[in-house]
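Residue numbers for the sequence shown follow my numbering, so the first one is 11 and each next one is one higher. Read through the structure below, which is laid out as structure tokens, and then see the notes.
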Amino acid sequence: MRAGVVAAYRIATLDVDGGGGALAGDDLALDHACHVAVEAGQRVRRVEHLGATGVAPARAGLVGFCMGGSVALSGAARLDLGAAVTFYGGGVSEGRFGFGPLVEEATRLRAPWLGL
11 MRAGVVAAYR
21 IATLDVDGGG
31 GALAGDDLAL
41 DHACHVAVEA
51 GQRVRRVEHL
61 GATGVAPARA
71 GLVGFCMGGS
81 VALSGAARLD
91 LGAAVTFYGG
101 GVSEGRFGFG
111 PLVEEATRLR
121 APWLGL
């Protein structure tokens, strides 16, 4: 019996946190807001890049933790994706991280979403 490829996948990642630092309080919040603005453009370019490589957007997804959860839900409201999964995304009733309230983002979902 010969072994073969059962499944294959590609993962594009983006580290918004950048490995930590010495920021705190308002400085940290401002730094995160700036990262989110940059990340939003990178997220769109990454999804567009997947399409250019022959990967259908419906086969792409976003997964995010904490601030990344907010980013993933926002992405699911703005991008054609296969799915989005969020883990304790902040800013559900009041906007955070440069996004509006996630309850408003959720009304515009364009992809299946699982919030944990």
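Quick reminder that beta carbons are idealized off the backbone N, C-alpha and C, glycines included.
So for Leu72, helix, strand or coil by DSSP? Residue mapping note: residue 72 aligns to position 62 of the sequence shown, counting from 1. Three-state DSSP puts Leu72 in a strand.
From Gly125 to Thr96, what distance separates their C-alpha atoms? Here residue 125 refers to the residue found at position 115 when the sequence shown is read from its first residue. Here residue 96 refers to the residue found at position 86 when the sequence shown is read from its first residue. Roughly 5 Å between the two C-alpha positions.
For Ala66, which of Leu91, Val73, Glu104 and Phe107 has the nearest alpha-carbon? Taking the first residue of the sequence shown as position 1, residue 66 is located at position 56. Out of Leu91, Val73, Glu104 and Phe107, Leu91 has the C-alpha closest to the C-alpha of Ala66.
Spatial distance of Ala116 from Ala87 (CA atoms): Counting from 1 along the sequence shown, the entry for residue 116 is found at position 106. Counting from 1 along the sequence shown, the entry for residue 87 is found at position 77. Their Cα atoms are separated by approximately 7 Å.
Please report the straight-line C-alpha distance between Leu72 and Gly99, rounded to a whole angstrom. Indexing the sequence shown from 1 puts residue 72 at position 62. Indexing the sequence shown from 1 puts residue 99 at position 89. Going by the C-alpha atoms only, they are around 13 Å apart.
Checking 8 Å against the spacing of the C-beta atoms, do Ser80 and Arg118 come in under that value? Position 70 of the sequence shown, counted from the start, is the residue given in the question as residue 80. Position 108 of the sequence shown, counted from the start, is the residue given in the question as residue 118. No, they are not a contact pair.
Reduced DSSP secondary structure (H/G/I, E/B, other) of Thr63: As a first step, residue 63 must be located in the sequence shown, where it is residue number 53. Thr63: coil per DSSP, three-state reduction.
Over what stretch of residues does the beta strand (DSSP E) that includes Val95 continue unbroken? As a working note, residue 95 is residue 85 in the sequence shown. That run of the beta strand (DSSP E) goes Ala93 to Phe97.
In whole angstroms, what is the alpha-carbon distance linking Arg120 and Ala68? One-based indexing of the sequence shown puts residue 120 at position 110. One-based indexing of the sequence shown puts residue 68 at position 58. The alpha-carbon atoms of Arg120 and Ala68 are separated by roughly 11 Å.
C-alpha distance - Leu112 paired with Thr63, whole-angstrom precision: Working through the sequence shown from its first residue, we reach residue 112 at position 102. Working through the sequence shown from its first residue, we reach residue 63 at position 53. Spanning the two alpha carbons is a distance of roughly 31 Å.
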